[in-house]
Structure formats: structure tokens, C-alpha cells
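Beneath this line is the structure, given in C-alpha cells, with notes to follow.
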């Protein structure tokens, strides 16, 4: 039976590994990925944009941006080690609104999406105290921390799949209360958001790729090879009194600019459905 490895120099693990070191890091206990097709999210325009939408003949999306994802972790009763992760996605969407033969007008607004996932995050009953200082306070936030796992969300900007312009009389269940939107999200827009039920409404369908995981602080014993000492010298850029002609000679000749290629390689982009075939062959 092999002996237990403890922190310190290692003699029998080869010359490349020098010692075993105990570190404190985030360990991922569980994770999941999603490809959500979010149908009929209500679009909440800025105040000046609602009048434009009321006179609209048609709308189409210009772009959508993920502003923030709010996360909340709660333990599940009678299922030890598992947690619910409630997520709320906030999107800034810019629409092109057509009101006739004139040029389309851009209107920005907010869309909100809620979802819940269940992940394993293990258990921890120890109370955590740190010596981190707060320069402008009494270190209240570091006196005691709850031992819940930390939820981490990785997401890209969504793909706008569809937009619908409907009358106000057509109610849908995906409406949310504008008063519940955090002020930091409202500040991302040029003016106040409009949640009025009068006039026409716009509903948007988004495609969202995301990864959700639960992490905990843990102590791990890992092998080390050496200290990470940079071997690259710091430079000051293209200036610093260097000979400009010498710098120009170091640039490779742009052959492709003079001799066009026989075929153009398509860029694999998740927003392009036509390139899905080339991405799948990798």
C-alpha cells in the first residue's frame, strides 16, 4: 500500500515534480449546460420608444446583449447536498421599428428571463472567518460567511430568433413587474423603462447558451514543478527610439493581400446557421 503524500519535497516522484503543495482553491462539484430557446419574452421599451411601437407596422431585431445574471442558491430540504440555483437573465435588446416608408427607427429596451436548475454542491457546516480588511467600514461582510456553495454562470450574448408585434389586448404569462428590476440594470438604458399595458407590445424569442456550476472553497494537495518565473523581457512597444526602418523590415510581407486565395474559409459562428455543417466536422 502506497504511503500517504503530505506537503513537502518529493524524492521518489521523478525530477520534474519537486514537492507537494497544499493550496486553497475553488472546486467544481457539479455543473450543467443549457441551450435554451426562450419564447415570447416581453420587450419593455424606454418611455420614448413606446409611442414609436404604437405606430409601428412591423419590427425586427437589431441586436441583443446580456447585461447581467442574478443568481440565488438555496438548499433542498430532505435532499442533502443538492441546491436549487435560481437565475434571472437581464437582456438589453435593440429593435428596428418600421412605421411606414421612412427609415426604421431603433428602440432599445429590456427583456427578462427566469430559470431554475438543481445541482449537487456537497455540504459544509464550518463557519468561515477571514482577515480581509475593509478600508471604509467595520469589516461586517467578513465577520461570518454562510457555507453555501457559490453559483457561477457562464453565458454568451443571445441569438434573436423571432420578434412579434401584438395588440395590448393579447395578454401573455411572461410579463414581469418593472418595479422589481434593480436600479443598476435600469441605469444601463438611456431613459426610464415603460411597463405600461396600453398600446402595442413586442415579444421576442431568444436562443441562449449557458453553463452553470456550483463551487466550494477546498484545500487540495497538488504536485509542483517549480516557481513560475517569467522568462520574457518587458518591452515598451513600437516606439522607444527604435529605428523605424528596422521595425518595418521585421514585418512579414503580406502575400495574401497581393494574391487572393482560391477559396474563402467560412468563419464558424454560432449566429450563422449555414456554418453549422463545418463546425460539426471538427
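Numbering (the numbering used here), first residue to last: 1269 to 1550.
The beta carbon of each residue, even a glycine, is placed where N, CA and C say it ideally should be.
The structure presented is a predicted model; accordingly, all values stated were derived computationally and were not measured.
Own chain, CB closer than 6 angstroms to residue i, minus 5 neighbours either side, in chain order
i	result
residue 1298	1387, 1388 and 1482
residue 1294	1483
residue 1422	1479
residue 1366	1325, 1326 and 1372
residue 1424	1477
residue 1323	1367
Start and end residues, alpha helix (DSSP H) containing residue i
i	result
residue 1319	1315-1322
residue 1521	First-last for residue 1521: undefined, no H or E at that position.
residue 1516	1512-1517
residue 1454	1451-1454
Contacts around residue i, its chain only, beta-carbon distance under 8 angstroms, and the 5 residues preceding and following it disregarded
i	result
residue 1285	1278, 1491, 1492 and 1493
residue 1411	Residue placement at residue 1411 is flagged as unreliable, the pLDDT there being 49, under the threshold of 50; a coordinate-derived value is accordingly withheld.
residue 1344	1350, 1351, 1352 and 1386
residue 1459	1314, 1315 and 1316
Supposed contact pair residue j and residue i - C-beta distance, whole angstroms, cut 8 angstroms
i	j	result
residue 1290	residue 1429	That belief does not hold up - the Cβ atoms of residue 1290 and residue 1429 are roughly 49 angstroms apart, past 8 angstroms.
residue 1450	residue 1377	16 angstroms between Cβ atoms; not a contact.
residue 1357	residue 1337	5 angstroms
residue 1307	residue 1473	5 angstroms
residue 1363	residue 1470	7 angstroms
residue 1375	residue 1320	6 angstroms
residue 1311	residue 1369	So it is not a contact: roughly 24 angstroms between Cβ atoms.
residue 1318	residue 1467	6 angstroms
residue 1394	residue 1341	Wrong, their Cβ atoms sit about 17 angstroms apart, outside the cutoff.
Beta-bridge partners of residue i, as assigned by DSSP
i	result
residue 1292	1487
residue 1427	1475
residue 1365	1327 and 1373
residue 1445	None, per the DSSP bridge assignment.
residue 1333	1360
Cβ shell of residue i (< 7 angstroms), same chain only, five flanking positions each side left out
i	result
residue 1426	1332, 1334, 1359, 1474, 1475 and 1476
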